[in-house]
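Report on the structure given below.
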């Protein structure tokens, strides 16, 4: 087994462990929810999952660094460095309200390049994963069969489906008019939000996914999955990165056209 295969196997094992915790506390009447300094919610499950994954990584990859949403630890990724990037629950607000669109996101970055990504959404019964150069895949719990992912072949904005974050987020950064302009150029829009819109791009169901304010742990795993499915993933300035503070993922064919409207 290659090093990349072992890393992916570990990431999938971490996702299994995370799912066991998140599902056990999902819709629990006694779920403990607190407010972080940035006024976003955090649950006991967020913290328990991140602690669990950090503990497992410390045992399995003691030389690697870890950065996570709840406990930080951001370390600059230099030449030869390896760091795991963890979002224990992407979509905590959904989790708290009983909306099944939430997931554990796990990625491995090596020397500045995200090489492994896993997005596990157990309440949706779906898991997506990718390893650099080995393709991207999805498995549904209904049949347990893994299938490869490929972005759509749509080439024109007029035929594209667009998913965007909440309008209040675009208003907050004074970009709502740009979003409305892009919406008017596309065939159809839906706001799925969080990780799911990126996975729909990877599956070929959507052509464009946008986020105005996001962090590294929100994007690292989706980036490698979208790219391995044949898509393109940049910040709104067109830079290929998972750490730009905002993001656009597309099937590649409509990327430049979308950036011409929404780019910064």
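Residue numbers (the numbering used here): 10 to 273.
Positions of the beta carbon are idealized from the N, C-alpha and C atoms, including for glycine.
Nonlocal neighbours in the same chain, by C-beta distance under 7 angstroms from residue i, ignoring five residues either side
{"i": "residue 51", "result": "43, 45, 79 and 101"}
{"i": "residue 211", "result": "137, 145, 158, 160, 234, 235, 238 and 240"}
{"i": "residue 197", "result": "170"}
{"i": "residue 65", "result": "23 and 26"}
Per-residue burial, residue i [other beta carbons within 10 Å of its own, 16 or more giving buried]
{"i": "residue 113", "result": "buried"}
{"i": "residue 244", "result": "buried"}
{"i": "residue 150", "result": "exposed"}
{"i": "residue 131", "result": "buried"}
{"i": "residue 9", "result": "A query on residue 9 cannot be resolved here, the shown segment of the chain reaching from 10 to 273 and no further."}
{"i": "residue 199", "result": "exposed"}
{"i": "residue 139", "result": "buried"}
For residue i, the nearest candidate out of the options (CA to CA)
{"i": "residue 272", "options": "219, 240 and 239", "result": "219"}
{"i": "residue 170", "options": "68, 262, 130 and 93", "result": "262"}
{"i": "residue 121", "options": "154, 173 and 232", "result": "232"}
{"i": "residue 104", "options": "136, 60, 75 and 38", "result": "38"}
{"i": "residue 20", "options": "129, 161 and 30", "result": "129"}
{"i": "residue 117", "options": "223, 267, 13 and 248", "result": "13"}
{"i": "residue 162", "options": "70, 18 and 214", "result": "214"}
{"i": "residue 135", "options": "142, 17 and 147", "result": "147"}
{"i": "residue 266", "options": "229, 192 and 253", "result": "192"}
{"i": "residue 70", "options": "81, 23 and 34", "result": "23"}
{"i": "residue 208", "options": "228, 183 and 223", "result": "228"}
{"i": "residue 11", "options": "64, 32, 77 and 141", "result": "141"}
{"i": "residue 97", "options": "242, 181, 25 and 172", "result": "25"}
{"i": "residue 33", "options": "77, 177 and 58", "result": "58"}
{"i": "residue 93", "options": "201, 230 and 254", "result": "230"}
Cβ neighbours of residue i in the same chain (closer than 6 angstroms, five flanking residues each side left out)
{"i": "residue 56", "result": "79"}
{"i": "residue 179", "result": "185, 188 and 221"}
{"i": "residue 205", "result": "110"}
{"i": "residue 133", "result": "109"}
{"i": "residue 182", "result": "221"}
{"i": "residue 36", "result": "107"}
Beta-carbon spacing of residue i, residue j below 8 angstroms
{"i": "residue 73", "j": "residue 203", "result": "no"}
{"i": "residue 1", "j": "residue 115", "result": "Here the chain comprises residues numbered 10 to 273, so residue 1 is not present and cannot be evaluated."}
{"i": "residue 95", "j": "residue 119", "result": "no"}
{"i": "residue 270", "j": "residue 165", "result": "no"}
{"i": "residue 30", "j": "residue 54", "result": "yes"}
{"i": "residue 259", "j": "residue 216", "result": "yes"}
{"i": "residue 27", "j": "residue 62", "result": "yes"}
{"i": "residue 194", "j": "residue 167", "result": "yes"}
{"i": "residue 247", "j": "residue 225", "result": "no"}
{"i": "residue 17", "j": "residue 154", "result": "no"}
Proximal residues to residue i (C-beta, below 8 angstroms), its chain only, five neighbours per side dropped
{"i": "residue 85", "result": "Confidence in residue 85 is poor, its pLDDT being 48 and thus under 50, which makes the residue's placement too unreliable to answer from."}
{"i": "residue 41", "result": "52 and 53"}
CB contact check: residue i to chain B, cutoff 8 angstroms
{"i": "residue 226", "result": "Among the protein chains of the structure shown there is no chain B, as only one such chain exists."}
**Item:** Complete runs of the alpha helix (DSSP H) confined to the segment 61 to 129 [at least 4 residues]
**Value:** Taken in chain order, the complete alpha helix (DSSP H) segments of 4 or more residues contained in the segment 61 to 129 are 101 to 106.
**Request:** Could you pull out every unbroken beta strand (DSSP E) segment of at least 3 residues lying fully inside the segment 198 to 233, listed in chain order?
**Result:** Runs of the beta strand (DSSP E) inside the segment 198 to 233: 217 to 220.
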